[in-house]
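Residues in the sequence shown are numbered from 246 upward in steps of one, following my numbering.
Glycine is no exception: its CB is placed at the ideal position from the N, C-alpha and C atoms.
What follows is a short report on a single structure.
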Amino acid sequence: MSITELFGIALSAILIENFVLVKFLGICPFLGVSKKTETAAGMGVAVIFVMTVASAFTYAVDKFLLRPLHLEYMQTVAFILVIAALVQFVELFMQKALPALHKSLGIYLPLITTNCAVLGVALLNAQNYADSFIASLVYGASAAIGFTLAIVLFSSIRERLEFADYPKCFEGFPIALVSASLLAMAFMGFQGMKIF
């Protein structure tokens, strides 16, 4: 696979097919952890690590275990187990090395295990990039970067909205949903891009 094709995969995963704003996967942490940019960035880094490493491990499990044994129907279960183990590792590391970030992420860190964006990357890799480890890894890392981009942009918008003047009926979650929909519409502008 050429560098140009890998760049196309990366650009597509980050902007054109953004998991949160276009595919609507991973909405729970997107809405739950986006009140502060600092927390959103921490969640983004955790998701980048988990998605990238999960892409590598799930590729190996799929290629060397599930496909040779004709157990493709077990992909979802196997991938969830791999992702759960990775999230446990990340949670233990954050608890020891970054306790303040671990506390601010709260319940959303263990929820990466059931984050449909992480599982979605693993399943899409098995479906689209089963023949190329590098393409699978690039897609996983790029999708995670796209997730991080979306959550950090959204958190910066939410921080500015605290000082904005809008009708009282939009206070709290309603204005967050309106802002998320406008951000998603902005990302839809990338849909017309042709990748090489």
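Write down every uninterrupted run of the alpha helix (DSSP H) in the stretch 250-319 whose length is 4 residues or greater and which is fully enclosed by it, in chain order.
272-277, 282-306, all fully within the stretch 250-319.
Who are the Cβ neighbours of Asp307 in its own chain at under 7 angstroms, not counting the five residues just before and after it?
Position 62 of the sequence shown, counting from 1, holds the residue named residue 307. Closer than 7 angstroms at Cβ, skipping near neighbours: Gln320, Ala371, Ala375.
Checking 7 angstroms against the spacing of the C-beta atoms, do Glu317 and Leu326 come in under that value?
For the purposes of this step, residue 317 is taken as residue 72 along the sequence shown, with counting starting at 1. For the purposes of this step, residue 326 is taken as residue 81 along the sequence shown, with counting starting at 1. In this structure, Leu326 does not lie closer than 7 angstroms to Glu317 by Cβ.
Under three-state DSSP, which class holds Phe399?
Residue mapping note: residue 399 aligns to position 154 of the sequence shown, counting from 1. Note: Phe399 maps to helix in three-state DSSP.
Within this structure, are the beta carbons of Phe264 and Gly391 separated by less than 7 angstroms?
Here residue 264 refers to the residue found at position 19 when the sequence shown is read from its first residue. Here residue 391 refers to the residue found at position 146 when the sequence shown is read from its first residue. Yes.
Of the residues Leu331, Leu276, Leu406, Lys281, which one's Cα is nearest the Cα of Thr303?
Position 58 of the sequence shown holds residue 303. Nearest option by C-alpha distance: Leu331.
Using the three-state DSSP reduction, which class does Pro412 fall into: helix, strand or coil?
Position 167 of the sequence shown, counted from the first residue, corresponds to residue 412. Correct three-state label for Pro412: coil.
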